[in-house]
Amino acid sequence: GRKSYDREFLLRLQFDPNSK
Amino acid sequence: TEVASSGEFPPEYLIKHPLQNTWTLWYYEPDRTKTWEESQREITSFDTAEDFWSLYNHIKTASELRQGCDYSMFKQGIRPMWEDDQNKCGGRWLINLDKKQRTTDLDNFWLEILLCMIGEAFNEYSDDVCGAVVNIRPKGDKLGVWTSNADCADSVMEIGRKLKERLRITSKTTMGYQVHKDTMVKAGSQTKNTYTL
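Residue numbers (this note's numbering), protein chains in the order written: chain Z, 34 to 53; chain X, -12 to 184.
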């Protein structure tokens, strides 16, 4: 399937220290 | 890694979120010694949500750019120009901002467009999206979302409707779709809107 993400999910990743 | 083996965090937090497409950020700065095309600089490409944020958090916001400059973000392999094979039959949803909106709306709109693109918010029509451009200009800034086929009315309109919804565009901001071929021949004067929303 298409790898789609909603805006809230993407925004949460902006400053997530674990995502670096 | 140490964190993963300690069991302190769920392992999924250590995995970057892959995007459907690889995207390239371009930066244009006017330079009299170069052609327009030569002044388009490819900055970097990314294919995960985390790498998008690393880039976005690291660069100037659109409203901080000097007048005359552009940011463009396109799918990898598509150059931010009409002549590219993926753009030559296409057009753009154009959002003209007034001067005051540089401080109130520009950065929010640009980020929202980027999130729509990397998040594939246009569903199956996302394949028709080529990229987006923000032009910083003294007379008023512009945002454009470029699609690959101006003749696909369903796709163009669905992309436009989704943009309007996500940007919460009100009556003070008009949105029209201009075919690149019309823009090319009408340089300097008003280009007609093939679709409006």
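Ideal Cβ placement from N, Cα and C applies to all residues, glycine included.
If I measure Cβ to Cβ from residue 42 of chain X and keep anything under 7 Å in the same chain, skipping five residues before and after, which residues do I get? 12, 31 and 33
Report yes if the C-beta of residue 142 of chain X is less than 8 Å from at least one heavy atom of the ligand NAP; otherwise report no. The model depicted lacks the ligand NAP and carries no ligand whatsoever.
Let me see if you follow: with CB-CB separation under 9 Å, is residue 95 of chain X close to chain C or not? This model lacks chain C altogether, as its protein chains are Z and X.
In the DSSP assignment, find the alpha helix (DSSP H) that holds residue 88 of chain X and state where it starts and stops. Unbroken alpha helix (DSSP H) run through residue 88 of chain X: 88 to 91.
With H, G and I counted as helix, E and B as strand and the rest as coil, what does DSSP make of residue 57 of chain X? strand
May I have a chain-ordered list of the beta strand (DSSP E) segments no shorter than 3 residues that lie completely inside the region 24 to 68 of chain X? 27 to 35 and 57 to 62
Which chain Z residues sit within Cβ distance under 7 Å of residue 36 of chain X? 38, 43 and 46
Restricting to Cα atoms, I'd like to know which of X:55, X:127, X:59 and X:46 is closest to residue 133 of chain X. Relative to the Cα of residue 133 of chain X, the nearest Cα in the group X:55, X:127, X:59 and X:46 belongs to X:59.
How is residue 147 of chain X classed by DSSP in three states: helix, strand or coil? It is helical.
Taking buried to mean at least 16 other C-beta atoms within 10 Å of its own C-beta, is residue 17 of chain X buried or exposed? exposed
Quickly, what does DSSP pair residue 5 of chain X with across the bridge? List them, please. X:35
Please classify residue 74 of chain X: is it buried, with 16 or more other beta-carbons within 10 angstroms of its beta-carbon, or exposed? Answer is buried; the Cβ neighbour count reaches 16.
May I ask you to report which of helix, strand or coil DSSP gives residue 79 of chain X? strand
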